[in-house]
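Chains A and B supply the protein sequences, listed in that same order.
Note that the first sequence ends on residue 218 in the working numbering; no numbers are left out.
Note that the second sequence ends on residue 89 in the working numbering; no numbers are left out.
Virtual Cβ for every residue (Gly too), placed ideally from N, Cα, C.
Report on one structure; see the data block that follows.
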Amino acid sequence: MNFFRLLGDLSHLASILILLHKIKTTRSCRGLSFKTQALYVAVFITRYLDLTYRWVSLYNFVMKLFFIGSSCATLYLMRYKYCPTHDPSIDTFKIEYLVGPCAILALIFNYKFSVSEVLWSFSIFLESVAILPQLFMLQRTGEAETITTHYLAALGIYRAFYIPNWIYRYFTEGVVDPIAIVAGIAQTGLYLDFFYVYFTKVMQGEKFELPA
Amino acid sequence: VILDQAHDEL
Numbered sequence: 007m008n009f010f011r012l013l014g015d016l017s018h019l020a021s022i023l024i025l026l027h028k029i030k031t032t033r034s035c036r037g038l039s040f041k042t043q044a045l046y047v048a049v050f051i052t053r054y055l056d057l058t059y060r061w062v063s064l065y066n067f068v069m070k071l072f073f074i075g076s077s078c079a080t081l082y083l084m085r086y087k088y089c090p091t092h093d094p095s096i097d098t099f100k101i102e103y104l105v106g107p108c109a110i111l112a113l114i115f116n117y118k119f120s121v122s123e124v125l126w127s128f129s130i131f132l133e134s135v136a137i138l139p140q141l142f143m144l145q146r147t148g149e150a151e152t153i154t155t156h157y158l159a160a161l162g163i164y165r166a167f168y169i170p171n172w173i174y175r176y177f178t179e180g181v182v183d184p185i186a187i188v189a190g191i192a193q194t195g196l197y198l199d200f201f202y203v204y205f206t207k208v209m210q211g212e213k214f215e216l217p218a
Numbered sequence: 080v081i082l083d084q085a086h087d088e089l
């Protein structure tokens, strides 16, 4: 564990708390992509299968349980409790285009051709693009509630913090995880447009609005 | 170069 990774994990944790807070206080999942949330459930379950057979640390164990639990809870809230506030007609990104290529990439790029390792690779690749249905939706509506943009910013910053963590680990431990690094850089890259608008508008107290 | 197969990250 190092400073950057901790900041990344805390940012990830914060993003989920902001998301649940938004759903609870506005009693609505308006502006949120159900597809993106469903992809995160798939990401966490396929990546954290090792919960059942590998002990890393208490921190690792608790965080994994939290990420699986909170993503399932989010999906439940969106699907059942606040279902009427979700508009499927604007959540139209085809997730087949993400899941298929990620599955193929995972079969090609993995550290060992075993079920758990291929699923782990799959989860890393899928996480890197899981935000696309959400960003696509944002692009379509052209605006977002401020609380939703805080959620997206925290979620984007989380993986960005992992990048200095990997550099740090390379120099201190000699550890390199090319699959996570390439996917993590791609994942952060997808947020650049969003970050630009977030930091130039929302952080200055303006509403999140995309230029027409 | 050591591949991180321990997957100790989240």
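Taking the alpha-carbon of Ile191(A) as reference, which of Trp61(A), Ala44(A), Phe167(A), Ser17(A) has the nearest alpha-carbon? Phe167(A)
Span of the alpha helix (DSSP H), counted from its first residue to its last, around Met231(A): This structure gives no information on residue 231(A), because the portion of chain A shown stretches from 7 to 218.
Short-range partners of chain B found in the region 35-65 of chain A, where Cβ spacing is below 7 Å: Asp56, Val62
Can you give me the Cβ contacts of Ser122(A) inside the same chain, cut-off strictly under 7 Å, excluding the 5 residues immediately before and after it? Leu55, Asp56
Where Thr152(A) and Phe10(A) are concerned, what is the direct C-alpha to C-alpha distance, given to the nearest angstrom? 26 Å
Could you pull out every unbroken alpha helix (DSSP H) segment of at least 4 residues lying fully inside the region 53-83 of chain A, listed in chain order? Listed in chain order, the complete alpha helix (DSSP H) runs (minimum 4 residues) inside the region 53-83 of chain A are 64-82.
Measuring only the C-alpha atoms, how far is Pro94(A) from Val49(A)? Within the model, the alpha-carbon separation for Pro94(A) versus Val49(A) is close to 22 Å.
The alpha helix (DSSP H) that contains His156(A), what's its start and end? 152-179
Using 8 Å as the limit for Cβ to Cβ distance, is Ala166(A) near chain B? no
First through last residue of the alpha helix (DSSP H) which encompasses Phe131(A): Residues 121-135.
Against chain B, which members of the region 85-106 of chain A pass a CB distance test of less than 9 Å? none
Going along chain B, which residues have a C-beta under 9 Å from Ala79(A)? By Cβ distance, chain B contributes nothing, its closest Cβ being about 18 Å from Ala79(A), past 9 Å.
What residue from Tyr204(A), Glu133(A), Arg146(A) has the CA that sits closest to Arg53(A)'s CA? Glu133(A)
Should Leu141(A) and Leu81(A) be called a contact, given that it needs their Cβ atoms to be closer than 8 Å? Not a contact, by the Cβ cut-off of 8 Å.
To the nearest angstrom, how far is the alpha carbon of Glu212(A) from that of Leu12(A)? 30 Å
Identify every residue that forms a DSSP beta bridge with Val105(A). DSSP, once it has assigned bridges, lists no residue as partnering Val105(A).
In chain order, what residues of the region 181-192 of chain A put their CB closer than 8 Å to some CB of chain B? Val181, Val182, Asp183, Pro184, Ala186
In chain B, which residues lie with their C-beta within 8 Å of the C-beta of Met143(A)? Neighbours of Met143(A) on chain B: none; closest Cβ ~26 Å, over 8 Å.
In this structure, how does DSSP classify Phe3(A) when only helix, strand and coil are distinguished? Residue 3(A) lies beyond the stretch modelled for chain A, which goes from 7 to 218, so this question has no answer here.
Which same chain residues end up closer than 7 Å to Ile22(A) when comparing Cβ atoms and leaving out the 5 residues on each side of it in sequence? Ser76
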